[in-house]
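In the working numbering, the protein residues as written are 2 to 268.
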């Protein structure tokens with residue numbers, strides 16, 4: 002019998018242990034649990050080193066998040082989990098993306114307390130194969146686990162329209178951002194990539210062999226053409242358009258001490 006190796010990632014211990022116990026009762030399922038994103042990554046690394054990788058990871062959508070007093074349950078605010086460590090993974094969507102970056106064949110399924118088209122769309126974009134309500138039956142969850150192993154994508158029917166709308170809206174915004182970036186000159190585009198890499202005006206000037214005054218002018222032109230008023234907004238738009246950071250060699254890396262200020266100042 003081919004056994005399915007499942008990892009449950011949830012910082013609510015009672016839920017994680019109950020779900021793991023229910024899944025372990027299935028004759029073809031081996032299951033383990035982790036209480037944080039970094040712990041899950043350590044489980045993946047350990048399993049890979051032992052040649053026994055996981056097949057499916059069930060990730061809590063609100064892993065490592067809390068709700069401030071008085072805030073309605075529709076808007077969790079991500080905060081660092083107690084064991085976030087150096088990986089910096091603080092919520093379920095970030096963990097899904099982190100798992101995908103490992104380029105392993107493992108499938109991820111997000112477990113959610115409520116339907117949320119926006120977060121479901123983000124989960125799919127991050128690499129998730131499914132979105133399942135936490136109060137779903139065990140039979141439903143097992144069907145999703147086996148389905149994603151057949152390369153299926155699973156979403157609740159009630160979420161499908163909302164998720165498609167979110168994905169289409171995101172594509173529209175990305176297309177608009179791409180058009181704005183295309184209006185930049187080659188030099189301005191190079192400056193923008195340096196901004197995405199976190200370099201400030203002085204560091205960009207040294208890297209591109211330009212005067213700080215010239216770099217300042219280029220940065221102002223970039224903000225104007227992109228229709229934004231801060232370096233942070235320009236970087237966000239650039240990332241949405243698929244603009245990557247400038248490649249920093251050893252010399253360039255030494256210049257990153259002059260980082261971009263997270264505000265509207267260019268100096």
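We put the CB at the ideal spot given by N, CA and C, even for glycine.
A quick note: this is a predicted structure, and the numbers were derived from the prediction, not measured.
Inter-residue spacing [alpha-carbon to alpha-carbon] between residue i and residue j
{"i": "residue 181", "j": "residue 107", "result": "37 Å"}
{"i": "residue 248", "j": "residue 239", "result": "15 Å"}
{"i": "residue 221", "j": "residue 165", "result": "36 Å"}
{"i": "residue 42", "j": "residue 12", "result": "14 Å"}
{"i": "residue 1", "j": "residue 62", "result": "A query on residue 1 cannot be resolved here, the shown segment of the chain reaching from 2 to 268 and no further."}
{"i": "residue 120", "j": "residue 162", "result": "14 Å"}
{"i": "residue 216", "j": "residue 40", "result": "43 Å"}
{"i": "residue 118", "j": "residue 134", "result": "13 Å"}
{"i": "residue 1", "j": "residue 58", "result": "The structure shown has nothing for residue 1, since the chain only spans 2 to 268."}
{"i": "residue 192", "j": "residue 37", "result": "38 Å"}
{"i": "residue 206", "j": "residue 237", "result": "22 Å"}
{"i": "residue 214", "j": "residue 167", "result": "41 Å"}
{"i": "residue 204", "j": "residue 190", "result": "16 Å"}
{"i": "residue 95", "j": "residue 208", "result": "32 Å"}
{"i": "residue 101", "j": "residue 49", "result": "15 Å"}
DSSP beta-bridge partners of residue i
{"i": "residue 34", "result": "9"}
{"i": "residue 131", "result": "110, 155"}
Same chain, Cβ closer than 6 Å to residue i, neighbours up to 5 away in sequence not counted
{"i": "residue 21", "result": "9, 32, 34"}
{"i": "residue 18", "result": "none"}
{"i": "residue 184", "result": "226"}
{"i": "residue 86", "result": "Reliability fails at residue 86, whose pLDDT of 38 lies under 50, so the model's placement of it is uncertain and the value that follows must be treated cautiously. Once the five neighbours on either side are set aside, the close Cβ partners of residue 86 are 39."}
Where residue i sits in the DSSP three-state scheme
{"i": "residue 4", "result": "coil"}
{"i": "residue 108", "result": "strand"}
{"i": "residue 57", "result": "strand"}
{"i": "residue 185", "result": "coil"}
{"i": "residue 211", "result": "coil"}
{"i": "residue 150", "result": "coil"}
{"i": "residue 200", "result": "strand"}
{"i": "residue 118", "result": "helix"}
{"i": "residue 230", "result": "coil"}
{"i": "residue 39", "result": "helix"}
{"i": "residue 137", "result": "coil"}
{"i": "residue 27", "result": "coil"}
{"i": "residue 235", "result": "helix"}
{"i": "residue 63", "result": "coil"}
{"i": "residue 51", "result": "coil"}
Integer-rounded CB distance, given that residue j should sit under 8 Å from residue i
{"i": "residue 111", "j": "residue 129", "result": "5 Å"}
{"i": "residue 113", "j": "residue 132", "result": "6 Å"}
{"i": "residue 245", "j": "residue 194", "result": "7 Å"}
{"i": "residue 196", "j": "residue 235", "result": "6 Å"}
Chain-order list of residues whose beta-carbon lies under 7 Å from that of residue i (same chain, five-residue window excluded)
{"i": "residue 24", "result": "7, 30, 32"}
{"i": "residue 46", "result": "none"}
Other residues of its chain near residue i: CB distance less than 8 Å, five sequence neighbours each side excluded
{"i": "residue 98", "result": "127, 128"}
{"i": "residue 150", "result": "5, 56, 57, 108"}
{"i": "residue 44", "result": "8, 33, 35, 55"}
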